[in-house]
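Following: one structure in structure tokens, then a few remarks.
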Amino acid sequence: MCCVFSGNVVDIYQREFLALRERLHSAEQENLKRSKELNLVLDEIKRAIAEKQALRDINRTWSSLSGENIDPDPATAVDTELSRYHNETKLKLWNVSSSSSKNVLQLPSIFHHLPHLLAKENSLQPAVHIGQGRTGVSIVMGVPSVKREVHSYLTDTLNSLMSELSPAEKEDCVIVVFIAETDQQYANSIAENLKRLFPVEIQAGLIEIISPSVNFYPDFSHLKESFGDPKERVRWRTKQNLDYCFLMMYAQSKGTYYVQLEDDIVARPNYFTTMKNFALQQPSEEWMILEFSQLGFIVACVALLLIDSLSCLSPEADNWRTIRLFPPDLPFQAVCVAVTPLGDDMKVNQLMLWRPRTFIKHTTFNCCDSQKGKMFKSLDLPLIVEFMLMFYKDKPIDWLLDHIMWVKVCNPEKDAKHCDRQKANLRIRFKPSLFQHVGTHSSLAGKIQKLKDKDFGKQTLHKGHANPLAEVTTSLKTYQHFTLEKAYLGEDFFWAFTPVAGDFIRIRFFTPVRVERYFFRSGNIEHPGDKLFNTTVEVLPFDNIQSEKEALKEGREKTPKYQRTEDGFLRIGKFENGIAEGEVDTSFGPLEALRLSVLTDSPVWVILSEIFIKKAE
Numbered sequence: 001m002c003c004v005f006s007g008n009v010v011d012i013y014q015r016e017f018l019a020l021r022e023r024l025h026s027a028e029q030e031n032l033k034r035s036k037e038l039n040l041v042l043d044e045i046k047r048a049i050a051e052k053q054a055l056r057d058i059n060r061t062w063s064s065l066s067g068e069n070i071d072p073d074p075a076t077a078v079d080t081e082l083s084r085y086h087n088e089t090k091l092k093l094w095n096v097s098s099s100s101s102k103n104v105l106q107l108p109s110i111f112h113h114l115p116h117l118l119a120k121e122n123s124l125q126p127a128v129h130i131g132q133g134r135t136g137v138s139i140v141m142g143v144p145s146v147k148r149e150v151h152s153y154l155t156d157t158l159n160s161l162m163s164e165l166s167p168a169e170k171e172d173c174v175i176v177v178f179i180a181e182t183d184q185q186y187a188n189s190i191a192e193n194l195k196r197l198f199p200v201e202i203q204a205g206l207i208e209i210i211s212p213s214v215n216f217y218p219d220f221s222h223l224k225e226s227f228g229d230p231k232e233r234v235r236w237r238t239k240q241n242l243d244y245c246f247l248m249m250y251a252q253s254k255g256t257y258y259v260q261l262e263d264d265i266v267a268r269p270n271y272f273t274t275m276k277n278f279a280l281q282q283p284s285e286e287w288m289i290l291e292f293s294q295l296g297f298i299v300a301c302v303a304l305l306l307i308d309s310l311s312c313l314s315p316e317a318d319n320w321r322t323i324r325l326f327p328p329d330l331p332f333q334a335v336c337v338a339v340t341p342l343g344d345d346m347k348v349n350q351l352m353l354w355r356p357r358t359f360i361k362h363t364t365f366n367c368c369d370s371q372k373g374k375m376f377k378s379l380d381l382p383l384i385v386e387f388m389l390m391f392y393k394d395k396p397i398d399w400l401l402d403h404i405m406w407v408k409v410c411n412p413e414k415d416a417k418h419c420d421r422q423k424a425n426l427r428i429r430f431k432p433s434l435f436q437h438v439g440t441h442s443s444l445a446g447k448i449q450k451l452k453d454k455d456f457g458k459q460t461l462h463k464g465h466a467n468p469l470a471e472v473t474t475s476l477k478t479y480q481h482f483t484l485e486k487a488y489l490g491e492d493f494f495w496a497f498t499p500v501a502g503d504f505i506r507i508r509f510f511t512p513v514r515v516e517r518y519f520f521r522s523g524n525i526e527h528p529g530d531k532l533f534n535t536t537v538e539v540l541p542f543d544n545i546q547s548e549k550e551a552l553k554e555g556r557e558k559t560p561k562y563q564r565t566e567d568g569f570l571r572i573g574k575f576e577n578g579i580a581e582g583e584v585d586t587s588f589g590p591l592e593a594l595r596l597s598v599l600t601d602s603p604v605w606v607i608l609s610e611i612f613i614k615k616a617e
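All letters in the sequence shown, in the order written, are residues 1 to 617 by full-length UniProt numbering.
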């Protein structure tokens with residue numbers, strides 16, 4: 001007995017050591033992130049100083065060229081003198097003045113892509129800037145808002161976002177409202193309205209309000225038409241790209257993750273913790289975009305626009321509203337029924353596969369650029385912003401994001417399928433959608449859009465929760481892609497072949513967790529009979545060795561409240577009618593693991609459609 005006990009002690013200490021090592025690793029990763037963030041801030045300060053010095057150098061250069069005295073106010077001199085010269089010339093002079101200093105190499109900056117910003121010193125400073133400057137949060141949510149001709153959904157969106165946040169979550173995020181208009185009177189009126197409606201949230205630092213300088217945007221009158229888009233559409237998408245850049249540049253130093261939202265959405269309950277846990281539980285740091293809403297890439301828009309185009313061809317076209325889409329992992333392809341007008345009749349011609357670029361070329365329609373519910377790592381934002389600035393006039397944001405991923409992982413010598421598989425590792429979709437589009441009137445004048453996420457709010461085959469970080473394993477044989485990992489993360493249900501006695505599902509927490517209660521549901525609406533039968537719920541307290549010591553000290557155990565298994569787990573519940581739920585005894589303290597154990601052979605397959613482990617407050 002002594003030897004067995006000694007072996008258990010060694011095992012417990014090994015687990016404690018592994019847990020400690022995991023915590024140290026997490027702390028080391030967090031310190032590394034903070035170090036990178038501080039370096040970014042330092043780089044920005046250095047760049048700001050260099051740019052200001054460059055403006056002074058340009059002022060001196062122009063003064064010497066014109067034979068005029070140097071204006072004591074550098075900003076005034078630059079404004080008056082540089083306004084007479086072409087932007088390209090200004091940029092060259094800026095490079096010349098930089099090269100006259102100690103800097104030998106010419107590093108690209110935002111001024112290379114937006115040289116007009118050199119004309120005004122305050123062009124990168126927000127015209128409206130309200131908030132407490134909160135930093136160090138987990139998630140920064142960006143909500144750009146523009147003037148709409150019919151109805152604004154901004155306050156409804158903010159109410160939805162905040163109503164689904166717990167007090168602790170409100171301390172761990174920032175919602176940045178970006179009024180993307182240079183009309184100062186309009187921006188001030190929106191800001192004042194938000195200050196009146198959300199004074200507590202603004203004072204607490206939860207909400208910040210910004211708007212761009214009147215000098216931030218370039219002249220949009222000389223944009224080239226492309227991809228069949230009219231000038232107004234090109235202007236709209238170009239400005240939108242710059243809006244996203246401004247918002248990302250402002251948000252990048254405030255938190256670990258950045259989520260791009262829109263001003264016409266409604267949020268699901270528990271959306272914040274769900275997003276945070278989904279990001280933290282990714283097995284690799286290679287991801288670039290986590291999507292929490294289905295709409296937003298080209299595919300849904302192509303389908304809607306095809307419907308519109310068919311409706312324009314003939315009144316009878318309503319009969320041909322047959323649109324089938326590829327799964328979301330192929331967002332740049334759509335399957336559609338191609339129709340050919342023959343007089344007053346409409347006939348199905350053939351089933352075709354079109355890429356959106358070809359589709360747009362032949363129909364002169366364009367796509368929606370909804371970017372709601374996309375999460376980025378803040379450390380990736382400088383790369384994304386720089387790439388967008390290079391091509392902001394050429395393509396909409398969803399195409400640019402896809403191009404970034406293509407550049408990062410696609411091999412030109414491989415086929416498109418290989419590229420799609422590689423990009424799938426960078427862009428990961430969470431289901432069900434956490435955000436639903438509610439706006440009907442688009443920010444693009446005259447455009448009405450009725451976009452709905454098909455999996456938002458409907459009765460699903462599984463229910464996801466934000467569970468503690470853990471490693472999940474099972475002895476059951478998984479059916480197809482319905483893995484236990486996806487069920488634990490809330491992405492899908494777990495489906496396995498027929499269980500036998502001795503099979504298990506184990507959840508081992510990365511760090512010990514105090515659990516308040518648990519809930520497991522087996523079966524779902526499509527397969528209600530695939531339930532767990534004669535299955536127990538067991539827990540392994542982190543200080544299990546202490547309870548064993550006490551039992552040995554007494555010499556014998558009293559009648560135990562919970563049955564102990566041979567490997568130290570305590571049975572605290574069981575499945576009844578496919579469901580296991582209950583509270584966890586607080587005397588257990590932090591738990592190292594939780595396990596479902598099958599005691600007898602089952603006659604059917606098994607589905608685990610809901611896993612909820614609620615941490616104690």
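All residues carry an ideal CB built from backbone N, CA and C; glycine is no exception. On a predicted model such as this, the values are computed, not experimentally measured, just so you know.
Distance, residue j Cα to residue i Cα
| i | j | result |
| --- | --- | --- |
| Lys615 | Phe216 | 47 Å |
| residue 637 | Arg595 | There is simply no residue 637 to check, as the chain begins at 1 and stops at 617 in what is shown. |
| Pro283 | Asp503 | 25 Å |
| Phe430 | Glu121 | 42 Å |
| Gln294 | Ala470 | 27 Å |
| Ser443 | Leu124 | Legend: pLDDT at Ser443 = 45, less than 50; position of this residue unreliable, value from coordinates given subsequently. Cα-Cα distance, rounded: 24 Å. |
| Ala187 | Leu194 | 11 Å |
| Thr586 | Glu516 | 8 Å |
| Leu206 | Pro499 | 48 Å |
| Ser253 | Leu381 | 10 Å |
| residue 618 | Gly573 | The structure shown does not extend to residue 618, since the chain spans only 1 to 617, so no value can be given for it. |
| Asp601 | Phe509 | 28 Å |
| Lys423 | Ala279 | 17 Å |
| Leu379 | Lys33 | 8 Å |
| Trp495 | Ala168 | 34 Å |
Under 7 Å between C-beta atoms of residue i and residue j
| i | j | result |
| --- | --- | --- |
| Val604 | Asp530 | yes |
| Ile397 | Asn241 | yes |
| Leu532 | Ala593 | no |
| Asn534 | Leu484 | no |
| Glu225 | Val234 | yes |
| Val472 | Ile507 | yes |
| Ala260 | Lys377 | The residue you asked about is not Ala; residue 260 is Gln in the sequence shown. No. Outside cutoff. |
| Phe255 | Ile139 | According to the sequence provided, residue 255 is Gly. The question's Phe does not apply to it. Yes, the Cβ-Cβ distance between Gly255 and Ile139 is below 7 Å. |
| Pro590 | Phe542 | yes |
| Val146 | Ala180 | yes |
| Pro218 | His112 | no |
| Phe391 | Leu400 | yes |
| Cys245 | Met388 | yes |
| Glu164 | Tyr271 | yes |
| Arg268 | Leu434 | yes |
| Leu118 | Gln281 | no |
Coarse secondary structure for residue i, derived from DSSP in three states
| i | result |
| --- | --- |
| Ile525 | coil |
| Leu608 | strand |
| Trp495 | strand |
| Val176 | strand |
| Gln563 | strand |
| Lys254 | coil |
| Leu400 | helix |
| Phe376 | strand |
| Tyr488 | helix |
| Leu469 | coil |
| Pro144 | strand |
| Thr474 | strand |
| Glu516 | strand |
| Glu538 | strand |
CB-CB length for residue i against residue j, believed under 8 Å
| i | j | result |
| --- | --- | --- |
| Tyr250 | Ile190 | With a Cβ gap of about 17 Å, Tyr250 and Ile190 do not count as contacting. |
| Leu161 | Met141 | 7 Å |
| Met248 | Ile130 | With a Cβ gap of about 19 Å, Met248 and Ile130 do not count as contacting. |
| Pro144 | Asp243 | 5 Å |
| Ile607 | His527 | 6 Å |
| Glu22 | Thr511 | 6 Å |
Would you say the region 134-154 touches the region 259-278, given that touching needs at least three Cβ pairs under 8 Å? yes
Three-pair Cβ contact test at 8 Å for the region 273-285 versus the region 412-421: no
Answer yes if the region 285-294 comes into contact with the region 156-173, meaning at least three C-beta pairs across the two stretches below 8 Å, and no otherwise. no
Hey, is the region 519-530 in contact with the region 568-585, meaning 3+ C-beta pairs nearer than 8 Å? yes
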